[in-house]
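S.K.:
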Amino acid sequence: MRNRIAAFIAGLVLLPPLAISLAGQGWDDPAPVAGAVWLPALSGMLTVIVFGILLDTLAFHRAGHSLLRSQRGYLLWNGVAGTATCMLLAYLNLFAGAWFTPADSDAAALLLAALCGTALLPAVLITRLWLAGLPGLVRLSTRRFALTALPAAAASALLLLAALTGLTAGTIWADHLSWLFWASPLLLLVSLQLLWHESTIFSGLAQGDWSRVLLGAASGIAVGGIALAVYRVSGGAIYLVAGTGKLIAGLALFGLLCLQVSDVVAENWRGKKRAEISKKKPFPIPIVTRKDQ
754 MRNRIAAFIA
764 GLVLLPPLAI
774 SLAGQGWDDP
784 APVAGAVWLP
794 ALSGMLTVIV
804 FGILLDTLAF
814 HRAGHSLLRS
824 QRGYLLWNGV
834 AGTATCMLLA
844 YLNLFAGAWF
854 TPADSDAAAL
864 LLAALCGTAL
874 LPAVLITRLW
884 LAGLPGLVRL
894 STRRFALTAL
904 PAAAASALLL
914 LAALTGLTAG
924 TIWADHLSWL
934 FWASPLLLLV
944 SLQLLWHEST
954 IFSGLAQGDW
964 SRVLLGAASG
974 IAVGGIALAV
984 YRVSGGAIYL
994 VAGTGKLIAG
1004 LALFGLLCLQ
1014 VSDVVAENWR
1024 GKKRAEISKK
1034 KPFPIPIVTR
1044 KDQ
């Protein structure tokens, strides 16, 4: 898991500046935006936390499932992972310029993203858990058409190529390849999961199970939409380059990325390590040979 995380972070951090250097482009300073940022952001995150607690309580009373009650440690580590994930996305935004806030420096922008990510990723998981408990919703999303599954090695190579293209060419031609640039973090993480023979959020598509993809995307849209709405209502200033359609698609991608990151975090809660599982154990039934008789 550590090797995958290190490769994921290294790819996101190193490839965009390397692409700019090779292309001979300069570093563009972010456009100045006037207005409030910290108090509205704090209001938005507090609202997201309250929203998550409310949905977790509803899920517990409806089906007895609660991340806050039964998997508090797992949820806490997802908050840490959300902090790192949103900081990486804010770092990528320094090259893409998809949004601008009144944060007065790059360090302040990364700190703002860290504050948001701590609450956003756990809220996405809780929202997905609540959606999965709605009557008939999971059943409806599992009766979709199945996709033909490629071999893990081939799928990993294709996704890795797409991610590397997005992080390099998407950095240089951000106006034309912004969709691939912002899909690259998810593509890179999924390709690394396949390379290490781990499951992904898309594993169920071969059996026609679209529930994780659809509910994960819906959770990202819901949580991100609430956070952004409260931020703006509280007087926060933000300039979004993308229109409404692209914004919704971006929030859906964010939800899927959160879900995939949580799968990586969950590997420590799956019981035995792979090294322990692969140890040879004696056959439970003794085998008697002729020499023993």
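The numbering used here puts the first residue of the sequence shown at 754, with every later residue one more than the last.
We put the beta carbon where it would ideally sit given N, CA and C, even for glycine.
(1) Let me know the secondary structure DSSP gives F848 once reduced to three states.
(2) Is A789 helix, strand or coil when you go by DSSP?
(3) Tell whether a beta-carbon distance below 8 angstroms holds between F1007 and G973.
(4) Alpha carbon to alpha carbon, how far is N756 from A763? Give it in angstroms, no decimals.
(5) Looking at C-beta atoms only, is the number of pairs between the stretch 790-800 and the stretch 945-952 that lie closer than 8 angstroms three or more?
(6) Which same chain residues end up closer than 7 angstroms to T871 when comparing Cβ atoms and leaving out the 5 residues on each side of it in sequence?
(7) What did DSSP end up calling G988 once you bin it into helix, strand or coil?
(8) Start and end of the alpha helix (DSSP H) containing P938?
(9) Can you tell me the Cα-Cα spacing of W883 and V966, whole angstroms?
(10) Buried or exposed for P888, going by 16 or more other Cβ atoms inside 10 Å?
(11) Closest to A975 by CA distance: which of W963, G996, L808 is it?
(12) Considering only C-alpha positions, which residue in the set D962, I925, T854, A776 is nearest to L890?
(13) Would you list, in sequence order, the uninterrupted alpha helix (DSSP H) runs of no fewer than 4 residues that lie entirely inside the stretch 797-838?
(14) Take E1020 and list the residues in its own chain whose beta-carbon comes closer than 7 angstroms to its own, dropping the five residues that flank it on each side.
(15) Kindly give me the distance between the Cβ atoms of T1050 and L933, rounded to whole angstroms, as I take these residues to be in contact under 8 angstroms.
(16) For a quick check, are the C-beta atoms of R892 and L1012 less than 8 angstroms apart?
(17) With the cut-off set at 8 angstroms, would you say P855 and A794 are in Cβ contact?
(18) Enumerate in chain order the residues of its own chain whose CB-to-CB distance from V986 is below 6 angstroms, with the five nearest sequence positions on each side excluded.
(19) Count the other CB atoms within 10 Å of the CB of A759; is the residue buried (16 or more) or exposed (fewer)?
(20) Just how far apart, CA to CA, sit A1005 and G777?
(21) Is it true that the stretch 991-1001 meets the stretch 804-819, where meeting means three or more beta-carbon pairs spaced less than 8 angstroms apart?
M.R.: Reading from the atomic positions:
(1) In the three-state reduction of the DSSP assignment, F848 falls in the helix class.
(2) Strand.
(3) Yes. Within cutoff.
(4) One C-alpha to the other measures close to 10 angstroms.
(5) Look at the beta carbons and you see the stretch 790-800 not touching the stretch 945-952: under three pairs across the two are nearer than 8 angstroms.
(6) Cβ within range, chain order: G832, G835, T836.
(7) Coil.
(8) Here the alpha helix (DSSP H) through P938 covers 927-948.
(9) One C-alpha to the other measures close to 15 angstroms.
(10) Within 10 angstroms of the beta-carbon of P888 lie fewer than 16 other beta-carbons, which makes it exposed.
(11) Answer by Cα proximity: L808.
(12) Here the closest residue by C-alpha is D962.
(13) Counting only runs of 4 or more, we get 820-823.
(14) Contacts found: M754.
(15) Lying before the first or after the last residue shown, residue 1050 is absent from the chain, which here runs from 754 to 1046.
(16) Contact flag unset, no.
(17) No, Cβ-Cβ distance for P855 and A794 is not below 8 angstroms.
(18) Answer for V986: no residue qualifies.
(19) With fewer than 16 other Cβ atoms inside 10 Å of its own Cβ, A759 counts as exposed.
(20) So the two alpha carbons sit approximately 33 angstroms from each other.
(21) With contact defined as three or more Cβ pairs closer than 8 angstroms, the stretch 991-1001 and the stretch 804-819 are not in contact.
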